[in-house]
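Have a look at the structure below before the remarks.
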């Protein structure tokens, strides 16, 4: 079953992968506040609606995240998303060094609050990791 497109605009595309219950976004450029909040909240809603616990963030094309958006995500979005069931986060980091630094701060904070996060350079590898993490072992009877 193909991924469902939840949002697609010049700033970001947000998908939901129904077979693997993965929320997945790809940023296309520097993102504005209203779009940032909208797509994150839509992703949280998809997690709640479908019982998902995995998120793939492809932020290669977003050069940096404004401090106000980082703060909003940490203080408002994260608690709601964690409560919705979020456990695993695959990150394809921004290409710009400043963007990498701000992303690392978010990863460190979210890890401290219980999220299992892993960096990737390739979004396909990130997706494969999410598809296998927390999967029942084939050795279990």
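Numbering (this note's numbering), first residue to last: 12 to 152. All C-beta atoms, glycine included, are put in the ideal place defined by N, C-alpha and C.
According to the neighbour-count rule (16 or more other Cβ atoms, all chains shown, within 10 Å of its Cβ), is residue 13 buried or exposed? Start at 1 with the first residue of the chain shown, and residue 13 comes out as number 2. Classification for residue 13: exposed.
Considering only C-alpha positions, which residue in the set 44, 53, 46 and 42 is nearest to residue 16? Taking the chain shown and counting its residues from 1, the one referred to as residue 16 is at position 5. Residue 16 has its Cα closest to that of 53, out of 44, 53, 46 and 42.
In the structure shown, what three-state DSSP assignment does residue 76 receive? To locate residue 76, count along the chain shown from 1; it is residue 65. In the structure shown, residue 76 sits in coil (DSSP, three-state: anything other than H, G, I, E or B).
In whole angstroms, give me the CA-to-CA distance for residue 97 and residue 66. Here the question's residue 97 lines up with position 86 in the chain shown. Here the question's residue 66 lines up with position 55 in the chain shown. Their backbone Cα atoms lie some 8 Å apart in a straight line.
Restricting to Cα atoms, I'd like to know which of 72, 29, 142 and 76 is closest to residue 3. Beyond the ends of the chain as shown, which are 12 and 152, falls residue 3; an answer cannot be given.
Could you tell me the alpha carbon to alpha carbon distance between residue 163 and residue 41, rounded to whole angstroms? With the chain running from 12 to 152 in the structure shown, residue 163 is simply not present.
With DSSP collapsed to three states, give me the class of residue 65. Residue mapping note: residue 65 aligns to position 54 of the chain shown, counting from 1. Strand, per DSSP.
Beta-carbon proximity check, residue 72 vs residue 39, cutoff 7 Å: Residue numbering aside, residue 72 sits at position 61 when the chain shown is read from its first letter. Residue numbering aside, residue 39 sits at position 28 when the chain shown is read from its first letter. Taking 7 Å as the Cβ cut-off, residue 72 and residue 39 qualify as a contacting pair.
Alpha carbon to alpha carbon, what distance is there between residue 64 and residue 131? Sequence index remark: in the chain shown, residue 131 carries index 120 (1-based). Sequence index remark: in the chain shown, residue 64 carries index 53 (1-based). Roughly 18 Å separates the two Cα atoms.
Range covered by the beta strand (DSSP E) that runs through residue 38: Here residue 38 refers to the residue found at position 27 of the chain shown. 33-38 is the extent of the beta strand (DSSP E) around residue 38.
Output the residue ranges of the beta strand (DSSP E) runs that lie fully inside the region 95-147 and measure 3 residues or longer, sorted by chain position. 99-103 and 127-131
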